[in-house]
Amino acid sequence: MRPTDVKDPDYFHKVVDCQYACPAHTNVPEYIRLIAQGRYTDAYLLNRQSNVFPGILGRTCDRPCEPACRRTRVDEKPVAICRLKRVAADLRDDVTDLLPTAPAKKNGKRVACIGAGPASLVVANDLMPLGYEVTIFEKLSVPGGLMRSNIPAFRLPEEVLNEEIDMILRMGVDIRYDSPVKSLKSLLDGGAFDAVFVGSGAPRGKELKIPGREEAAANIHIGIDWLESVAFGHTDKIGERVLIIGVGNTAMDCCRTSARLGGKSIKVMARKPRQFFKASPWELEDAEEENVEIVVDHEPTAFVVENGRLTGVRFQRYESTIDAKGKLSQKPLDEVFFPADDVILAIGQENAFPWIERDIGIEFDKWDVPVLDATTFESTRKGVFFGGDAAMGPKNIIWAAEHGHQAAISIHNHCEGIPLHERPAPGMNLVSAKMGLHEWSYKNDYNPVGRQKMTHVDLAERLREFGREVEVGFTPEQVAREVERCLNCDVQTVFTDRLCIECDACVDVCPVLCLTITSNGEEEDLRGRLSAPAENLDQALFVSGPLPQTRRVMIKDEDLCVHCGLCAERCPTAAWDMQKFDLLLSYAGRKTCTKAA
Amino acid sequence: MSYIRKPVARHPSLRANALGLTLRDYEGAMSTMCAGCGHDSITAAIVRAFHETDTPPYMVAKLSGIGCSSKTPTYFLSGAHGFNSAHGRMPAIATGAAAANRALTLIGVSGDGDSLSIGIGQMSHAIRRNVNMLYVLENNGVYGLTKGQFSASADPGSKSKRGEPNTQQSIDPVLLALSLGATFVARSFSGDKDQLVPILKAGLAHRGFALVDVVSPCVTFNDHDGSTKSYLYTREHQQAAIEMSFVPHREEIVAQYAPGTTREVAMHDGSLVRFSKVPDGYDPTDRRMVMDWLLEHQRSGAIPTGLLFLDPDANPEMHAASKTPEMPLTDMPYDKLCPGSAALDALQRGYR
Ligand SMILES: Cc1cc2nc3c(=O)[nH]c(=O)nc-3n(C[C@H](O)[C@H](O)[C@H](O)COP(=O)(O)OP(=O)(O)OC[C@H]3O[C@@H](n4cnc5c(N)ncnc54)[C@H](O)[C@@H]3O)c2cc1C
Ligand SMILES: Cc1ncc(C[n+]2csc(CCOP(=O)(O)OP(=O)(O)O)c2C)c(N)n1
Ligand code: SF4
Ligand code: SF4
Ligand code: SF4
Ligand SMILES: [Mg+2]
């Protein structure tokens, strides 16, 4: 193998598994250390830089970082990255004076955002401080998009939502409520805006066209519409027997909301076995804790109507087998009937743009999704950008935020006359963490403590009061333990080959057998003859240049390194050093980001 | 010195041995050696040898004298017995331990100072008696613990860290042991675990005194230009003359070798040492030949390494020679072990 190019920030970025997996590349280990030091405000501001909604995301994020977390590879469970974010948001001081502000003197450029969901809000957040005049058109009378209309208050309290949205709006965003854009053509023709951002979401819930659908319409609800109607107080009860069709995250919110509106027997009906569910495991757990039953291998075939009223649903039952490769095959069994008073359909969402004319230069593909440049988010019409669920179909808040950042860079380039693809590449800082002979600027002592369990409000109480937040947050003791679980993956092992005397000290001390000094070879061959086999192909091998004494090479398998720094402590020549890596991302009008504090 | 404990996190592919223990179960406390010390590498090799031979830690006694090298038993097999003796006196303690409980596996760890200066008489007699133990001499050419004075193994002409040459002759523990009738004599290098680990395993299987002289650079006082015990010098002069593998008796012997290409020596416990490469005409069981060959080759400054001499039947092991019973003395009922003054009187009368 060729020597690894550690000058490319991507190499070390990949080692910080959580940051790499986070769509917005939140600097997780740094904010966890700030929390450990009690610097909650700094931790909050650092978060806000990349993900903009730490309080909201600390409760609701899909957390792609957690399955990626290095801790899962040496311990049972990942660091509670998401709930620690909430700690920073809950315990911070007033940040009003520390937030970005918009200059009084505007830059003369006007940007329209359609929809006041997280994607548009991030565009406004990034452009307002640069002097842009941003106008948001919102169909509803409140901001937040699905965060407000669909995520139930028992998961995301309204005050948290309001506060973080207000941090953006109060920079002077011109937000127009109750203002659905009915024609993009006329908005563009008006010529009032230098750029337009479409952040209108994926607003249409999918239909289930089986017999009885029309006759029973009064008691069949489309999940996202029904949740919206609950959120705005138009619906406040449901029948006792409720069937939810579908088993994604929307289904989880529907069943738990039903439990609070009078549902007594609530069943979530899934077509496939559990390992194929779309819902996050933690959402399933929370639903089951509220006595929701999850029924697998049932496919709806007909709504049963008697005297013009829904009485239940017929299902085809299946027997599932999963082969060694994980492929599912299902054999039909009998048909069964489940009585129900109400049925909620939660089988997916899709984009819908009835208000975008098809002759204004914006191309759509065969699924009616706009054709976009994957980097710039520009549509086929110059100056019109898409982001969030509107761009790529239903995803989540953190992706919407990242799209917002990228679209803001594009809009800024567009307005400044810079080619959209001229985007500053990420940079990095590497600073030695050495403080003394064997002292480091981070805590390198591995703590075997297990993941802290979130406490939930008692069942009766949470069902009594709709908006009662279920999770109470970590106690100070839990925070103190959970922060210790982070392995500080950003404190990197950095190797200088010309210093190595091949004493083997680092190889011998490494607790997880990461290191090997051996003759070079091709990657596949090398992976098989290291101190321990390097079987996780997602994780890189570091390969040094030839070592001075024997021309062999130093190899590090990044997979299980716990960043204990012992290799560097035991190295007589400081050929290994622990260095803190800082990924420098660029945002609109700002080349690189520096640390919060 | 590291202040933290070695993380308990483990590699999931760690192999469990016949006792269900992984390599990590054979570790000891965190080392306090200087970073980069050859002794730490030898410790790691010892950990591997014990793991791979499925040795139960509680059946091992670790013995040592004084010196950096002699501190290292703390850093392996925390589940074993141990005794840290006065300077140079480890062989006497080991002899006593072997006499009292012959069921124990004994490992002595010593240094060139501990063994070749103050303890040379002790070591010589343990070899002569053929005490059943693995004796690892961690050889760095200096008294590391007392800040790098030349030891008795320093080569004439080799330079101290301050640049002064050594003017006295050196003692070669390998030749010394051969001349004293040792039955197992090896030399290796801390930086060559592929060679060292099989030697240690064979040494553990050997019934009798197994001397392993390991060149073990002292990074702090003897790793400079002009030293003949530095990493670089050893790498440039090491001559891995003899290649062997250790075949435990449990393992079915499947490989077929053309006659003449290898030589196998049966150990008393049923295991085998298989020599796969030796220099032309070299016979690892011929003491005189081996001594001649070493004198010849070492003259040029080469450092021949490997299991240089092995003859398990050359001399009886201490218990065999003194005809002690098979049962460890520690297991014997007290009245049998010490039959009392009447029995002593009777014995003494017999001599009158
Ligand atoms: C039930 C449910 C639960 C969810 N839970 C989570 C969760 O826990 N965590 C998570 O990360 N994600 C969750 N999501 C997904 C997440 O809410 C969305 O991915 C995210 O809100 C998308 O943001 P957006 O800005 O693209 O669009 P949206 O949030 O959908 O906002 C679009 C806005 O545009 C407005 N609009 C639409 N058309 C027009 C128009 N023509 N003119 C003016 N305004 C218009 C809409 O009223 C809306 O306010 C959930 C989704 C659902 C349905
Ligand atoms: C009776 C006695 N004399 C002298 C000493 C001082 N002393 C301590 S260690 C040592 C030499 C150790 O050398 P070596 O065995 O080579 O060990 P190293 O530290 O080099 O591994 C000496 C002379 C002592 N501790 N006790
Ligand atoms: S251990 Fe910490 S830094 Fe590493 S992936 Fe997990 S949260 Fe991120
Ligand atoms: S920091 Fe060094 S010693 Fe610690 S796990 Fe990583 S490679 Fe091994
Ligand atoms: S501890 Fe340092 S000098 Fe020794 S092998 Fe490792 S990197 Fe090289
Ligand atoms: Mg010494």
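Going down the list, the protein sequences come from chains F and X. Going by our numbering, the first sequence opens with residue 1, and the numbers climb by one from there. Going by our numbering, the second sequence opens with residue 1001, and the numbers climb by one from there. Ideal Cβ positions, reconstructed from N, Cα and C, are used throughout, including at glycine.
Chain F contact residues for residue i, given Cβ-Cβ distances below 8 Å
| i | result |
| --- | --- |
| Leu1232 of chain X | Ile501 and Gln549 |
| Gly1111 of chain X | Those within 8 Å of Gly1111 of chain X in chain F number zero; the least Cβ separation is about 18 Å. |
| Pro1191 of chain X | With the sequence shown as reference, residue 1191 of chain X is identified as Gly, and Pro is not the correct amino acid for it. The contacting residues are Glu502, Cys503 and Asp504. |
Residue i: CB within 8 Å of a non-hydrogen atom of ligand 5
| i | result |
| --- | --- |
| Phe1189 of chain X | no |
| Met269 of chain F | no |
Beta carbon of residue i nearer than 9 Å to that of residue j
| i | j | result |
| --- | --- | --- |
| Met1090 of chain X | Gly1113 of chain X | no |
| Ala588 of chain F | Asp126 of chain F | yes |
| Gly58 of chain F | Val87 of chain F | yes |
| Leu541 of chain F | Glu569 of chain F | no |
| Tyr446 of chain F | Arg33 of chain F | no |
| Val196 of chain F | Cys113 of chain F | yes |
| Gly199 of chain F | Met128 of chain F | no |
| Asn351 of chain F | Asp389 of chain F | yes |
| Val123 of chain F | Gly427 of chain F | no |
| Leu463 of chain F | Arg155 of chain F | no |
| Ala1044 of chain X | Asp508 of chain F | yes |
| Glu293 of chain F | Ser265 of chain F | yes |
| Lys109 of chain F | Glu133 of chain F | yes |
| Asn1130 of chain X | Ala1346 of chain X | no |
| Leu547 of chain F | Cys514 of chain F | no |
| Ile151 of chain F | Leu121 of chain F | no |
| Arg148 of chain F | Leu161 of chain F | yes |
| Ala1152 of chain X | Leu1116 of chain X | yes |
| Ser1110 of chain X | Tyr1135 of chain X | yes |
| Asn249 of chain F | Ser229 of chain F | no |
| Ile344 of chain F | Ile222 of chain F | yes |
| Met1030 of chain X | Lys1062 of chain X | no |
Closer than 8 Å: residue i CB and nearest ligand 2 heavy atom
| i | result |
| --- | --- |
| Ala1086 of chain X | yes |
| Leu967 of chain X | This structure leaves residue 967 of chain X out entirely; chain X is present only between 1001 and 1352. |
| Gly1065 of chain X | yes |
| Val1273 of chain X | no |
| Cys1218 of chain X | yes |
| Asp1114 of chain X | yes |
Contact set between residue i and chain F, taken where Cβ atoms lie within less than 7 Å
| i | result |
| --- | --- |
| Arg1235 of chain X | Gln549 and Thr550 |
| Ala1302 of chain X | Ordered by position in chain F, no residue passes the 7 Å Cβ test against Ala1302 of chain X, which lies about 18 Å from the chain. |
| Met1001 of chain X | His438 |
Amino acids of chain X, ordered along the chain, whose beta-carbon sits closer than 9 Å to that of residue i
| i | result |
| --- | --- |
| Tyr446 of chain F | Ile1004, Arg1005, Lys1006, Pro1007, Val1008 and Ala1009 |
Chain-ordered chain X contacts of residue i [CB-CB under 8 Å]
| i | result |
| --- | --- |
| Cys571 of chain F | Ala1035 and Gly1036 |
| Cys65 of chain F | Residues of chain X passing the Cβ test: none, with the nearest at roughly 20 Å. |
| Cys69 of chain F | Going along chain X, no residue has its Cβ under 8 Å from Cys69 of chain F, so there is no contact; the nearest lies around 14 Å. |
| Val512 of chain F | Pro1007, Ala1009, Arg1010 and His1011 |
Residue i beta carbon near ligand 6 (any heavy atom closer than 8 Å)
| i | result |
| --- | --- |
| Arg1155 of chain X | Going by the sequence as given, residue 1155 of chain X is Asp instead of Arg. For ligand 6, not one heavy atom lies less than 8 Å from the Cβ of Asp1155 of chain X. |
| Ser1069 of chain X | yes |
Near ligand 4: residue i beta-carbon under 8 Å from a heavy atom
| i | result |
| --- | --- |
| Met578 of chain F | yes |
| Ala532 of chain F | no |
| Phe509 of chain F | For the record, residue 509 of chain F in the displayed sequence is Val; it is not Phe. Yes, Cβ of Val509 of chain F sits closer than 8 Å to a heavy atom of ligand 4. |
Contact test: residue i Cβ vs ligand 3 heavy atom, cutoff 8 Å
| i | result |
| --- | --- |
| Ala68 of chain F | yes |
| Asn488 of chain F | yes |
| Arg462 of chain F | no |
Contacts of residue i in chain X (Cβ-Cβ under 7 Å)
| i | result |
| --- | --- |
| Ala532 of chain F | His1011 and Ser1013 |
| Leu560 of chain F | His1011 |
Beta-carbon neighbours of residue i, restricted to chain F and to distances below 9 Å
| i | result |
| --- | --- |
| Ser1041 of chain X | Cys503, Asp504, Ala505, Val507 and Asp508 |
Residue i: CB within 8 Å of a non-hydrogen atom of ligand 1
| i | result |
| --- | --- |
| Ala202 of chain F | yes |
*Just list the beta strand (DSSP E) runs in the segment 1130-1168 of chain X, keeping only unbroken ones of 3 residues or longer that don't cross its boundaries, in chain order.*
Taking only runs of at least 3 residues, the beta strand (DSSP E) segments lying wholly in the segment 1130-1168 of chain X are 1133-1139.
*Mind listing, in chain order, the continuous alpha helix (DSSP H) runs of no fewer than 4 residues lying wholly within the segment 1005-1093 of chain X?*
Those alpha helix (DSSP H) runs which fall completely within the segment 1005-1093 of chain X and span 4+ residues are 1038-1052 and 1068-1071.
*Got a list of residues with beta-carbon closer than 6 Å to any non-hydrogen atom of ligand 5, in chain order?*
Working through the chain, the matches are F:Cys500, F:Ile501, F:Glu502, F:Cys503, F:Asp504, F:Ala505, F:Cys506, F:Arg570, F:Cys571, F:Pro572, F:Thr573, F:Ala575, F:Trp576 and X:Gly1036.
*Can you list, in chain order, the stretches of the beta strand (DSSP E) that have 3 or more residues and sit fully within the segment 183-219 of chain F?*
Counting only runs of 3 or more, we get 195-198.
*Can you list, in chain order, the stretches of the beta strand (DSSP E) that have 3 or more residues and sit fully within the segment 275-363 of chain F?*
Within the segment 275-363 of chain F, the complete beta strand (DSSP E) runs of at least 3 residues fall at 293-295, 298-306, 309-322, 328-339 and 342-345.
_Quick check for students: name the residue ranges of the alpha helix (DSSP H) that lie wholly in the segment 1275-1308 of chain X, counting only runs of 4 or more._
Listed in chain order, they are 1287-1298.
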